[in-house]
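Accompanying notes for the structure given below.
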Amino acid sequence: MRIAKIGRKLSEEHKRKISESERGKNHYNWKGGKSTERNLLMGRREYKRWRTEVFKRDNYTCQECGKRGVELNAHHIKSWAYFPEFRFDVRNGRTLCLACHEKTDTYKQKGKRIKTKKLEIANAKKETDGATTGETASNGTQGT
Ligand SMILES: [Zn+2]
Numbered sequence: 132m133r134i135a136k137i138g139r140k141l142s143e144e145h146k147r148k149i150s151e152s153e154r155g156k157n158h159y160n161w162k163g164g165k166s167t168e169r170n171l172l173m174g175r176r177e178y179k180r181w182r183t184e185v186f187k188r189d190n191y192t193c194q195e196c197g198k199r200g201v202e203l204n205a206h207h208i209k210s211w212a213y214f215p216e217f218r219f220d221v222r223n224g225r226t227l228c229l230a231c232h233e234k235t236d237t238y239k240q241k242g243k244r245i246k247t248k249k250l251e252i253a254n255a256k257k258e259t260d261g262a263t264t265g266e267t268a269s270n271g272t273q274g275t
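Okay, so the sequence shown: first residue is 132 according to the working numbering, each after it adds one.
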């Protein structure tokens with residue numbers, strides 16, 4: 132009610148300014164589309180924090196060969212690509228020196244490995260499905 136009363140007294144210029152500030156507010160709270168860059172930055176920050184936590188926990192020592200004072204990497208035990216929910220889970224991190232990190236499955240051959248892994252997953256799934264249906268069909272005794 133109060134707004135309506137004031138509204139009548141506002142000049143066009145004033146109204147425009149208000150609508151502009153409203154738009155700014157909306158934009159600020161808007162979480163879609165253009166915030167990708169910000170998300171990326173936040174992801175990077177989150178990653179750095181995760182990495183530091185992993186290093187600290189492992190006492191800045193390679194968990195594979197026990198080296199210290201070398202270039203260290205934080206390795207994701209469960210892959211970054213397949214387990215986004217574990218990306219920033221310190222328990223999913225392992226401190227490795229660069230040399231040991233290069234020997235891991237996921238290091239810099241993602242495309243290749245992922246394809247194989249996908250196949251493995253698909254095959255494993257098929258096998259499980261086959262086993263389940265096979266069992267049910269042949270003897271029909273389920274449970275214990
Ligand atoms: Zn190492």
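Where is the CB? At the ideal position from N, CA and C, for every residue including glycine.
Residue from the options with nearest C-alpha to residue i
i	options	result
LYS179	CYS196, THR192 and LEU203	LEU203
VAL201	SER210, TYR213 and THR226	THR226
ALA230	PHE217, TRP211, THR192 and THR183	THR192
LYS234	GLU195, PRO215 and ARG175	GLU195
GLU216	HIS145, GLY197 and GLY174	GLY174
ALA212	LYS239, LYS198, ARG169 and ARG176	LYS239
Residue i: first and last residue of the uninterrupted beta strand (DSSP E) it sits in
i	result
ALA205	203-207
THR226	224-228
Continuous alpha helix (DSSP H) stretch holding residue i: start and end
i	result
LYS187	167-188
Rounded Cβ spacing between residue i and residue j (contact assumed at less than 8 Å)
i	j	result
SER210	THR237	5 Å
HIS232	HIS207	Rounded, the Cβ-Cβ distance is 10 Å, inconsistent with contact.
| task | Check each residue's C-beta against every heavy atom of ligand 1 and list, in chain order, those closer than 6 Å. | result | Cβ atoms closer than 6 Å to ligand 1 belong to CYS193, GLU195, CYS196, LYS198, LEU227, CYS228, ALA230 and CYS231.
| message | Could you check whether the stretch 220-231 touches the stretch 186-197, counting it as contact only if at least three pairs of C-beta atoms, one from each stretch, sit closer than 8 Å? | response | yes
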